[in-house]
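Start counting the sequence shown at 8; every next residue gets the next number (this note's numbering). Even for Gly, the Cβ is constructed at its ideal location relative to N, Cα and C.
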Amino acid sequence: MGFTQIEKDIYLLRLPFGGTTTGVILLCGTQNILIDAGGSAALVDEEILPALAERGLTPADISVLTCTHTHGDHIGGFARLREAGVRKIAVYARSADKVRDPLHYNIEIRKAFPKNSPPPSAGLVGTNVDEILSDGDLVGGRLRLVATPGHDDDAVCFFDEVTKTLICGDSVQHNGTLVQGCGAYMSLPDYRASMRRLLTFDANAVILGHPFLPHGDVVRGREQVRAFFAEALDLTRRYGDFVRKMRQAGVSDIAEIAKALVDDVGGVQPKHLFLPMYTVREHLKEIQ
Ligand SMILES: [Zn+2]
């Protein structure tokens, strides 16, 4: 497949992930930066390293490896890329412990709804962190870290000040991916605040961690980007209205509401319902 150019100096590699894809972003410049690393060491060997080679790069040419958040599908390749020789791993402060022990966090996430969660990703291996980043830090001289919690508490975006591109990972969910059912957030107040924050950026393009329904993984154009964040914010109101109606109809089972919500947003029922259940739990907190 290889890296596809999205903006000047910014490339996206789409890795297979269940029935969807996970993005790895490469920014080429005086420093080459890699954002996210797919779900496993095998994907590093089979996809990321060959794609870098196609662009004339080896892991030793990567000055910084960072991530948008620490879910397994984004940091599963970290330890392997470290072994392969990337020069530095720099992550947001809230991600650091999870990068050091990703399997522990992977297990933690599954504890909220054990019956509806997939088995832990046993292949996740930790690695040490060379540099801790804070909100507002500049990475590689041009990527501004923007903390955008909500999907998870360590979710961040990177704003490229040269091309005015926002690299968002899973921070903006819309109706979720094809395999998760609907938008997923672990904190509704944080998610809403993050959408409002993203609306203040004068961005020309957005690159997402997966194709999120209904927009896909790239949004282009200043007006389109603004509308995109406004719509994400509005969707939380629609989700909230739906959950409130179910609750008023006497339904209190989180799984039952989550299933109905997935149908309502036109999503595909996921194999494991835990992510929609996190979302419903947040909306129920707001109602109660
Ligand atoms: Zn993801």
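Measuring only the C-alpha atoms, how far is Glu293 from Ile139? If I take the Cα positions, the gap works out to 33 Å.
Can you tell me where the alpha helix (DSSP H) with Ser70 in it begins and where it stops? Element bounds for Ser70: not the alpha helix (DSSP H) but the beta strand (DSSP E), 69-73.
At what residue ranges does the region 46-131 contain a whole run of the beta strand (DSSP E), taking only runs of 3 or more? Within the region 46-131, the runs of beta strand (DSSP E) that reach at least 3 residues and sit entirely inside it are, in chain order, 69-73, 97-99.
Own chain partners of Met202 with C-beta closer than 6 Å, once the 5 adjacent residues on each side are dropped: Excluding residues within five positions, the ones whose Cβ falls inside 6 Å are Phe236, Ala239, Leu240.
In whole angstroms, what separates the C-alpha of His78 from that of Val163? Distance between the alpha carbons of His78 and Val163 is about 12 Å.
Could you check the C-alpha separation between Ala256 and Val287 for me, to the nearest Å? Near 15 Å, if we compare the C-alpha coordinates of Val287 and Ala256.
Evaluate His111 with the Cβ neighbour count: other Cβ atoms within 10 Å of its Cβ, from every protein chain shown; 16 or more gives buried, anything less gives exposed. Using a 10 angstroms sphere on the CB of His111, the tally of other CB atoms stays under 16, which defines it as exposed.
In whole angstroms, what is the alpha-carbon distance linking Ala210 and Gly83? For Ala210 and Gly83, the distance between alpha carbons rounds to 29 Å.
Cα-Cα separation between Glu54 and Gly9, rounded to whole angstroms: One C-alpha to the other measures close to 8 Å.
Segment limits, alpha helix (DSSP H) that includes Val250: Where Val250 is concerned, the enclosing alpha helix (DSSP H) stretches over 229-255.
Between which two residues does the beta strand (DSSP E) containing Thr29 stretch? Per DSSP, Thr29 belongs to the beta strand (DSSP E) from 27-34.
Would you mind stating whether Tyr198 and Thr243 have Cβ atoms separated by less than 9 Å? Closer than 9 Å, so yes.
On the three-pair Cβ rule with 8 Å, is the region 91-98 touching the region 57-76? Segments in contact, yes.
Among residues of its own chain, excluding the 5 on either side of Ser102, which ones have a beta-carbon nearer than 7 Å to its beta-carbon? The residues Cys74, His76, Thr77, Asp161, in chain order, have a CB closer than 7 Å to that of Ser102 in the same chain once the five nearest residues on each side in sequence are set aside.
Pull up the CB-CB distance for Ala91 and Pro66, whole angstroms please, since I reckon it's below 8 Å. That belief holds up - the Cβ atoms of Ala91 and Pro66 are roughly 4 Å apart, short of 8 Å.
Can you tell me whether DSSP reads Phe208 as helix, strand or coil? Coil at Phe208, not helix or strand.
By the 10 Å Cβ neighbour count, where 16 or more other Cβ atoms means buried, how is Val153 classified, buried or exposed? Val153 sits buried, since 16 or more C-beta atoms from the chains shown fall within 10 Å of its C-beta.
Taking the continuous beta strand (DSSP E) assigned at Asp271, which residues delimit it? It is not in any beta strand (DSSP E) - Asp271 instead sits in the alpha helix (DSSP H) that spans 261-271.
How is the alpha helix (DSSP H) around Val287 delimited, first residue to last? Taken as a continuous stretch (DSSP letters only), the alpha helix (DSSP H) holding Val287 covers 281-294.
Excluding the 5 residues flanking Leu206 on each side, which residues of the same chain have their C-beta closer than 8 Å to its C-beta? Exclusion of the five residues before and after Leu206 leaves Arg233, Phe236, Ala237, Leu240 as the residues of its chain whose Cβ lies within less than 8 Å of its Cβ.
Answer yes or no: the CB of Gly80 versus the heavy atoms of ligand 1, is any distance below 8 Å? The question names Gly, yet the displayed sequence has Asp at residue 80. Yes, the Cβ of Asp80 comes within 8 Å of a heavy atom of ligand 1.
Where does Gln180 land, buried or exposed, given buried means 16+ other C-beta within 10 angstroms? With 16 or more other Cβ atoms within 10 Å, it is buried.
Less than 8 Å between the CB of His290 and some heavy atom of ligand 1, yes or no? Taking non-hydrogen atoms of ligand 1 into account, the C-beta of His290 is found less than 8 Å away from none of them.
Quick check: what's the CA-CA separation for Asp177 versus Gly216? Taken atom to atom, the span from the alpha-carbon of Asp177 to that of Gly216 is near 5 Å.
With a threshold of 8 Å on Cβ separation, who are the neighbours of Ile261 within its own chain once the five nearest residues in sequence on each side are excluded? Excluding positions up to five away in sequence, the list reads Phe120, Met284, Val287, Arg288, Leu291.
Return the first residue and the last residue of the beta strand (DSSP E) that Ala154 is part of. Residues 150-154.
Gly247 and Leu220 - do their beta-carbons sit closer together than 9 Å? No; because the gap between Cβ atoms is not below 9 Å, this pair is not in contact.
Extent of the continuous beta strand (DSSP E) run through Gln12: For Gln12, the enclosing beta strand (DSSP E) begins and ends at 11-14.
Quick one, which of Arg245, Val93, Glu168, Val186 has its alpha-carbon nearest Leu282's? Here the closest residue by C-alpha is Val186.
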